[in-house]
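Trainee: Take the sequence shown: its letter number 5 is residue 22 in the numbering used here, and every next letter is one higher.
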Amino acid sequence: MTAAAQAPLKLVVSGPVGAGKTTFVQTLSQTPVIATEAEASEDIGKTNTTVAFDFGTLHLGGHDLHLYGTPGQDRFSFMWEVLCEGALGLVLLVAGDRPQDFAHARSILEFITSRIPVPFLVGVTRQDQARVWDPADVALYFGLPEGQVVGLNATDPVQARDVLARLLESTLSPQPLRG
Numbered sequence: 018m019t020a021a022a023q024a025p026l027k028l029v030v031s032g033p034v035g036a037g038k039t040t041f042v043q044t045l046s047q048t049p050v051i052a053t054e055a056e057a058s059e060d061i062g063k064t065n066t067t068v069a070f071d072f073g074t075l076h077l078g079g080h081d082l083h084l085y086g087t088p089g090q091d092r093f094s095f096m097w098e099v100l101c102e103g104a105l106g107l108v109l110l111v112a113g114d115r116p117q118d119f120a121h122a123r124s125i126l127e128f129i130t131s132r133i134p135v136p137f138l139v140g141v142t143r144q145d146q147a148r149v150w151d152p153a154d155v156a157l158y159f160g161l162p163e164g165q166v167v168g169l170n171a172t173d174p175v176q177a178r179d180v181l182a183r184l185l186e187s188t189l190s191p192q193p194l195r196g
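Next comes the structure, spelled out in structure tokens:
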């Protein structure tokens, strides 16, 4: 096996603050997650926030998959591009009960996909809660095909793996999901 064949695969998880990025990485990772959290210096609706990235790993079909969760604040946007370089795919998370964050999520997606041509899925989190947007409605908002937007509970390992499997299947299909 060549060194290139042994190289780990990279998956990036991005989205606005509070969308479930850290939770999603923690749910999928088979190793303790390295989190670069710090006390929030502004009112973002929670006390701590990711300032560089979250990192976890998953062994999948003979390959190591590195999971990177990005910060959600614009002031850390330089990390979005750095982390997406060489990525196999991107999962953009948006909290389904926070439609006020959808425009920011769309700007994150446009920022990343305009610089790095990476296959992506949009995950609508908090589907286990009342009064959340349906993935089909979020697809309309983003102007994406319904199949490119999925609902999930980021704390549920089965749902997190399903999102990952769907993204990986799309990267192997003749027409991968692209922005």
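Note that beta-carbon positions come from the ideal geometry of N, C-alpha and C, so glycine has one too.
Could you compute how far the alpha carbon of P193 sits from the alpha carbon of A147?
Mentor: Mapped onto the sequence shown, residue 193 falls at position 176. Mapped onto the sequence shown, residue 147 falls at position 130. Any reading at P193 needs caution, since the residue's pLDDT is 48, under 50, leaving its predicted position unreliable; the model's value is listed next. Approximately 32 Å between the Cα atoms of the pair.
Trainee: Answer yes or no: do F41 and A171 have a C-beta to C-beta separation smaller than 8 Å?
Mentor: To locate residue 41, count along the sequence shown from 1; it is residue 24. To locate residue 171, count along the sequence shown from 1; it is residue 154. Contact flag set, yes.
Trainee: How far does the beta strand (DSSP E) with A112 in it reach, from first residue to last?
Mentor: The count along the sequence shown starts at 1 and reaches residue 112 at position 95. First-last of the beta strand (DSSP E) with A112: G106 to A112.
Trainee: Can you give me the C-alpha to C-alpha distance between L109 and A122, rounded to a whole angstrom?
Mentor: Residue 109 sits at position 92 when you count from the first residue of the sequence shown. Residue 122 sits at position 105 when you count from the first residue of the sequence shown. Pairing L109 with A122, the inter-Cα distance amounts to about 8 Å.
Trainee: Please classify Q47: is it buried, with 16 or more other beta-carbons within 10 angstroms of its beta-carbon, or exposed?
Mentor: For this step, residue 47 is matched to residue 30 along the sequence shown. Exposed, because fewer than 16 other Cβ atoms sit within 10 Å of the Cβ of Q47.
Trainee: Which word fits D118, buried or exposed, when buried means at least 16 other C-beta atoms lie within 10 angstroms of its C-beta?
Mentor: Counting from 1 along the sequence shown, the entry for residue 118 is found at position 101. D118 should be labelled buried.
Trainee: Name the residue from F128, T130 and L157 whose alpha carbon lies nearest to the alpha carbon of V141.
Mentor: The count along the sequence shown starts at 1 and reaches residue 141 at position 124. The option with the nearest alpha carbon to V141 is L157.
Trainee: Provide the residue span of the beta strand (DSSP E) that contains D81, from first to last.
Mentor: Translated into positions along the sequence shown, residue 81 becomes position 64. Segment H80 to G86, the beta strand (DSSP E) holding D81.
Trainee: At the level of alpha carbons, what is the spacing between R115 and P162?
Mentor: Taking the sequence shown and counting its residues from 1, the one referred to as residue 115 is at position 98. Taking the sequence shown and counting its residues from 1, the one referred to as residue 162 is at position 145. Here the C-alpha atom of R115 lies approximately 21 Å from the C-alpha atom of P162.
Trainee: Taking the C-alpha atoms as reference points, what is the distance between A21 and H76?
Mentor: By 1-based counting over the sequence shown, the position of residue 21 is 4. By 1-based counting over the sequence shown, the position of residue 76 is 59. Confidence is the limiting factor: at A21 the pLDDT is only 49, short of 50, which leaves the residue's position unreliable and the question unanswerable from this model.
Trainee: Alpha carbon to alpha carbon, how far is G79 from V34? Give it in angstroms, no decimals.
Mentor: Counting from 1 along the sequence shown, the entry for residue 34 is found at position 17. Counting from 1 along the sequence shown, the entry for residue 79 is found at position 62. For V34 and G79, the distance between alpha carbons rounds to 33 Å.
Trainee: Name the residue from D81, L26, G32 and Y85 whose alpha carbon lies nearest to the alpha carbon of Q43.
Mentor: Translated into positions along the sequence shown, residue 43 becomes position 26. Considering only alpha carbons, the answer is Y85.
Trainee: Assuming L126 is part of the alpha helix (DSSP H), what are its boundary residues?
Mentor: Here residue 126 refers to the residue found at position 109 when the sequence shown is read from its first residue. Run containing L126: F119 to R132, per the alpha helix (DSSP H) assignment.
Trainee: Assuming V149 and Q165 make a contact with CB atoms under 8 Å, what is their CB distance in whole Å?
Mentor: On the sequence shown, residue 149 is found 132 positions in, with the first residue counted as 1. On the sequence shown, residue 165 is found 148 positions in, with the first residue counted as 1. Actually they are not in contact, since the Cβ atoms of V149 and Q165 sit about 18 Å apart, beyond 8 Å.
Trainee: Based on DSSP bridge pairs, tell me the residues matched to G73.
Mentor: Taking the sequence shown and counting its residues from 1, the one referred to as residue 73 is at position 56. The partner list for G73 (beta bridge, DSSP) reads L84.
Trainee: Terminal residues of the continuous alpha helix (DSSP H) containing L161?
Mentor: In the sequence shown, residue 161 corresponds to position 144, counting from 1. L161 -> no alpha helix (DSSP H), and no H or E assigned at all.
Trainee: I'd like the span of the beta strand (DSSP E) that includes T48, first residue to last.
Mentor: Indexing the sequence shown from 1 puts residue 48 at position 31. Here T48 belongs to no beta strand (DSSP E), and DSSP marks it neither H nor E.
Trainee: Considering G140, what are the terminal residues of the beta strand (DSSP E) in which it resides?
Mentor: The count along the sequence shown starts at 1 and reaches residue 140 at position 123. Where G140 is concerned, the enclosing beta strand (DSSP E) stretches over F137 to T142.
Trainee: Tell me, please, which residues DSSP counts as bridged to A52.
Mentor: On the sequence shown, residue 52 is found 35 positions in, with the first residue counted as 1. A52 pairs with D71.
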